[in-house]
Amino acid sequence: MSISRYALALASCATLVACSAMTDPSASATTPQSLARWLIISPAQPTMPPGQSLLLSVRMLDSAGRDIAGQPALWSTSDSSIASVASDGTVSAHSIGSAQVTIASGHRRVSALVIVSNTPPTPTWVSVNPGTAQVSVHSSLRLQASVTDVNNHPLANVRVTWTSADPSVASVDSTGAVTGVTTGSVNILAHTASNEATAQLTVVGASVAHPPAPETPNQPAPPPPPPPLPPTSAGSLYNGYSAVSPHWSHIRTAVTDFYYSWNSVERQWAGQHYDLSMSGSAAAWKAVNPTIQNYPYVLLGFTVLPSATPSTGLPASQWYDDAVRWYSAHTQYNIETAFLHRLGQPADAAHRLKPYGWNSYVWVINPGDPGLIAYQTDRFRRLGLGQDGLFIDVQASGDLATFLKDSTGRSSEYTSSATSWPPSGQYFTDYAALLRTLKNAIGATMLQPNTGMYNFDPDFADVSAAGATHMEKANNPLYTGLPATWSWIDKMLGASVSVNFVDALDYSDMNSVKLRLGGSADSAFHRIKMMELASYYMVVPHSPDKLQLQLVNEWSRPFSTVWITAQEANIGHPTATRQQLSESVVSTDPFGQRVAVFQRDFDRALVIVRPQTGWGTQRYDDASAISIPLPSSETWVPLHADGTLGSPVTTIKLRNAEAAILIKKRTT
């Protein structure tokens, strides 16, 4: 991520630590010995009125991620006048405010933030029982929906609406009663104002319990069956989901985990939808989904000054403390040569290069120093032990280049690299060599540097050495260079580099984005996310294993609230390469803005993207739309962000920076 954005995340993590639902393994407390390595608390941030009680649920895991029982537990509260806690974890609310309720077991501890408020609970979660069911053709069964608040307390009188993903397979009425229409599989959805849940229904052939009654003479013939209803959503496109990763055959999904997965309910949802989690606890993720990949967060290129940020265990300062210990045990190396120094000054601690980043001054590594290489090799071996991969933040050449100079001068060790643009020179050569050494040291463990939007030669050298990249903010619908980004991904995939293609615009950006796009924040969000999804399809290979899509890179909202169902629709594999439509079809829009349109054919869909072209002020509203005729060989229905299908169309209208995914109707 960008330095400024991580600084915000760092501050957020510091202020929200009381809300965390899992311990950090470095935490400590003076309590009796315990085998617990991880503690998971639920709910992590309950809200309750004065006078109400709530039992907090705690799950303890050993070092292998297995549930254990019989461990010591000590409960405490930061303010008993607001909320008290009993020895069994029962919290009692007394007065308006918030209190941190903590459980400690051995050297592990975890807290829930208890909010005492008179505000009525908001319906938060919905579940359907049974979650999977079977019904015969012409037979019915009733599904039950349960709605709970953030404390997992059931709520009554909450309006639930029911829909069938394919009424031609099974219908559902307003009470949740489903009726089989024809054999097949279908999802039945229960919706509330804030969330939805799905039941997977299989319709089998009708069984004949009794022989049919003999025909009655002169009985009128039964009326012909009504024609099948047209699908209102993507029906068979949603077959093939797996509860373990990879969840879908056509796509690989990824998420950045800085806060919300610490909520055990949200983590449960996320484990059912994502194949890769960057950061967070591997043990917690794998307790939900044993096959999910997890890459812990690490840093390499710099360290925050200990005087600026005390050693809190956060990655910015953690590795410098570790380095001091390592160098004291490896006296053949000098820790001073591990850092860069100002040109024309002594190479000592007082004259280390000290650029500003992460809301603090930082010290920058010397990637060519033998001691630094030896230390980081040992460090990464330890960090990678038992992990699926390691995520290294702030690795883009443009970011690294800013660290080669500070307010008083530039690096004496890499003078030419400090002044070159685009980034080049010995510093970047040494950096790529360091990454290659680290990758060799950790073997099969993935090494994923965050190169962001940069695509210079040093970036390609780095990702080739590491074998992977995290492209933060690169999937940007409002960026003129999006087609160049696709070509960059083509190049990396051709070199067998694993790519995490990350969004640029989150829901938190929509208030500003909607001013450019028009409409509401919700409509702007869906338009942006469909554009990013279509952008992924422009580059996905036949097997998606080496290309992950990340549509959410924020931690201020639960993942489930910003998921678009359209990415679950299995459009199959690409049957052609990406093509740009001839400008003879359309070259400019009504505002005179140059138009470039790309399309790609899939087994079940045609994906069309109109990226932004040109710089300066752009128009994105309805008046910027152009009409694109569709091939007459198929009947096309548009896929919406919520996963439903529209009516058949023969042409589509695309505004500036907009995409469409057209489903071949015969495949639904």
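In this note's numbering, the protein residues as written are 1 to 668.
Every residue gets a Cβ at the ideal spot worked out from N, C-alpha and C, and that includes glycine.
The structure displayed is predicted, hence computed values, not measured ones.
Just to confirm before moving on: does the CB-CB distance between residue i and residue j stay below 9 Å?
i, j, result
"Thr-451", "Gln-395", "yes"
"Arg-604", "Ala-659", "no"
"Ala-401", "Ser-417", "yes"
"Gln-579", "Phe-602", "no"
"Ile-661", "Leu-551", "no"
"Ser-407", "Pro-477", "no"
"Ala-36", "Leu-74", "no"
"Asp-503", "Lys-473", "yes"
"Val-298", "Leu-390", "yes"
"Ala-569", "Leu-639", "yes"
"His-250", "His-526", "no"
Within a Cβ cutoff of 6 Å, which residues of the same chain sit near residue i, ignoring the five residues on either side of it in sequence?
i, result
"Ser-57", "Ser-42"
"Ala-466", "Leu-435, Lys-439, Leu-447 and Pro-449"
"Leu-229", "Note that Leu-229 scores a pLDDT of 32, beneath 50, so its modelled location is shaky; the value from the coordinates is reported in the next line. Contacts found: Pro-167 and Ser-168."
"Ser-560", "Trp-269"
"Pro-197", "In the sequence as displayed, the identity of residue 197 is Ala instead of Pro. Cβ neighbours of Ala-197 beyond the five flanking positions: Val-126, Ser-127, Val-128 and Ala-190."
"Gln-548", "Arg-252, Ala-254, Leu-276 and Asn-500"
"Ala-282", "Asn-294"
"Ala-581", "According to the sequence as given, residue 581 is Leu; it is not Ala. Excluding residues within five positions, the ones whose Cβ falls inside 6 Å are Val-597."
"Ile-442", "Phe-380 and Gly-384"
"Ser-34", "Gln-71, Pro-72, Ser-105 and Gly-106"
Cα separation between residue i and residue j?
i, j, result
"Ser-633", "Val-607", "16 Å"
"Val-492", "Val-463", "It is Met, not Val, that sits at residue 492 in the sequence shown. Met-492 and Val-463: Cα-Cα distance of roughly 8 Å."
"Asn-553", "Val-137", "43 Å"
"Ala-99", "Lys-529", "37 Å"
"Pro-355", "Glu-336", "17 Å"
"Met-453", "Leu-505", "13 Å"
"Ala-374", "Leu-300", "13 Å"
"Val-85", "Leu-54", "9 Å"
"Ala-18", "Ser-76", "Residue confidence for Ala-18 is low, a pLDDT of 28 falling below 50, so the modelled location carries little weight and cannot support an answer."
"Gly-643", "Gly-89", "41 Å"
"Gly-131", "Val-203", "14 Å"
"Ile-392", "Trp-319", "13 Å"
"Met-717", "Arg-59", "The requested residue 717 is not part of the displayed model; the chain covers only 1 to 668."
"Ala-350", "Ala-433", "28 Å"
"Thr-617", "Gly-592", "12 Å"
"Asn-157", "Ile-96", "26 Å"
"Leu-141", "Gln-134", "9 Å"
"Asp-545", "Gln-567", "16 Å"
"Arg-325", "Asp-348", "19 Å"
"Arg-516", "Ala-524", "9 Å"
"Thr-437", "Gly-371", "13 Å"
"Thr-667", "Pro-422", "48 Å"
"Ser-87", "Ala-287", "26 Å"
Spatial neighbours of residue i within its chain, please: CB distance less than 8 Å, with the 5 preceding and 5 following residues excluded, ordered by chain position.
i, result
"Ser-587", "Arg-594 and Val-595"
"Val-172", "Leu-143, Trp-162, Thr-163, Ser-164, Val-178, Thr-179 and Ile-188"
"Thr-480", "Pro-611, Gln-612, Thr-613, Gly-614 and Trp-615"
"Val-160", "Val-126, Ala-145, Val-147, Gly-176, Ala-190, His-191 and Thr-192"
"Gln-387", "Ala-282, Asn-294, Tyr-295, Pro-296 and Thr-445"
"Gln-426", "Gly-368, Tyr-414, Ser-416 and Ser-417"
Of the choices the options, whose alpha-carbon is the least far from that of residue i?
i, options, result
"Thr-651", "Arg-410, Thr-635 and His-640", "Thr-635"
"Ser-92", "Gln-52, Trp-75 and Leu-61", "Gln-52"
"Asn-239", "Thr-102, Thr-256, Val-186 and Ala-282", "Val-186"
"Ser-146", "Ser-174, Leu-201, Val-288 and Thr-192", "Thr-192"
"Gln-332", "Met-60, Asp-369, Arg-342 and Ala-347", "Asp-369"
"Phe-456", "Ser-249, Ser-487 and Ala-576", "Ser-487"
"Thr-119", "Ser-627, Ser-87 and Pro-50", "Pro-50"
"Ala-69", "Ile-82, Thr-90 and Trp-38", "Trp-38"
"Ala-576", "Pro-458, Ala-329, Met-538 and Arg-66", "Met-538"
"Lys-669", "Ser-627, Gly-344, Pro-631 and Gly-205", "Because the chain is modelled from 1 through 668, residue 669 falls outside the range shown and cannot be assessed."
"Leu-630", "Ile-663, Pro-422 and Ala-623", "Ile-663"
"Met-531", "Pro-423, Met-471, Asn-656 and Arg-410", "Asn-656"
"Arg-108", "Ser-543, Val-114 and Ile-40", "Ile-40"
"Phe-302", "Ser-624, Asp-399, Asp-459 and Ser-328", "Asp-399"
In chain order, what residues of the same chain have a beta carbon less than 7 Å from the beta carbon of residue i, not counting five sequence neighbours either side?
i, result
"Ser-468", "The residue you asked about is not Ser; residue 468 is Ala in the sequence shown. Once the five neighbours on either side are set aside, the close Cβ partners of Ala-468 are Met-446, Leu-447, Gln-448, Val-497 and Ser-498."
"Ala-521", "Met-510, Asn-511 and Lys-514"
"Pro-648", "Thr-635, Trp-636, Val-637 and Lys-665"
For residue i, which beta-bridge partners are listed by DSSP?
i, result
"Thr-575", "None, per the DSSP bridge assignment."
"Ala-170", "Gly-180"
"Val-486", "For the sequence presented, residue 486 should be read as Trp rather than Val. Trp-486 is not bridged to any residue."
"Ala-99", "Val-114"
"Phe-669", "In the structure as shown, the chain begins at 1 and stops at 668. Residue 669 is therefore absent and cannot be evaluated."
"Ile-608", "Gln-599 and Ala-660"
"Leu-639", "Leu-645"
"Ala-190", "Trp-162 and Ala-197"
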